[in-house]
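Enquirer:
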Amino acid sequence: MSYIFDIEDVTVWSPALRVGKLYVGMARDLADSLGTSMGITVMASDFWEIELDNFDSFVRMMNAEYFSSEHPVLKVLVGAVLAPSIILLERGGNSIVPRSAEEREFFDRAHELSMPQ
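Heads up, the sequence shown is in the numbering used here, so the first residue is -5 and it goes up one at a time.
#1: Does I1 come out as helix, strand or coil in the three-state DSSP assignment?
#2: Does DSSP put M109 in a helix, a strand or coil?
#3: From D0 to S94, what distance separates their C-alpha atoms?
#4: Could you name the residues of the same chain whose beta carbon sits closer than 6 Å to that of E45, not counting the 5 residues immediately before and after it, in chain order?
#5: Which residue from E99, G86, F61 puts its Cα closest to that of D47?
#6: Restricting to runs no shorter than 3 residues, where is the beta strand (DSSP E) found entirely within the region 41 to 102?
#7: Measure how close the beta-carbons of M(-2) and R54 come, nearest whole angstrom, since I'm counting them as under 8 Å.
#8: Quick check on DSSP: helix, strand or coil for M20?
#9: State the DSSP-derived secondary structure class of S8, mapped to helix, strand or coil.
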């Protein structure tokens, strides 16, 4: 079984059920912590629609939080959601341009994730 994440009726990610549940839960908690919407809406228990404009804002907020923090635990927690979110954002046609070598390295690691469509 797997989760399905779509943007405008195009599947951008279909992780294993456990991975999808964990991602959604962590993204929801992080969005709440940042005081924003995650831009992901449940359509069925294992099917999620990403609303690109809101998701883009959420990913940019995570990116700013991650790269402005010096707290190592916060960076690990935010980074766990940020990395796959960068890939989903790109698969939806949007992107964030890395502004530093640290950002470029993080984005390169995100691109190494195995994220089946």
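C-beta atoms are modelled at their ideal positions from N, C-alpha and C, and glycine is treated no differently.
In this text the structure is predicted, and so the values were computed from the model without any measurement.
Expert: Let me lay it out:
#1: In the structure shown, I1 sits in a strand (DSSP, three-state: E or B).
#2: DSSP places M109 outside both helix and strand once states are collapsed to three, so it counts as coil.
#3: Answer to the nearest angstrom: the Cα atoms are 30 Å apart.
#4: Within the same chain, Cβ atoms closer than 6 Å to the Cβ of E45 are found at G33, the five residues on either side in sequence being excluded.
#5: Nearest to D47 by alpha-carbon distance, out of E99, G86, F61, is G86.
#6: Taking only runs of at least 3 residues, the beta strand (DSSP E) segments lying wholly in the region 41 to 102 are 41 to 44.
#7: It is worth fixing the name first, because residue -2 is Ile in this sequence and not Met. About 24 Å separates the beta carbon of I(-2) from that of R54, a gap too long to meet the 8 Å contact definition.
#8: Helix.
#9: Coil.
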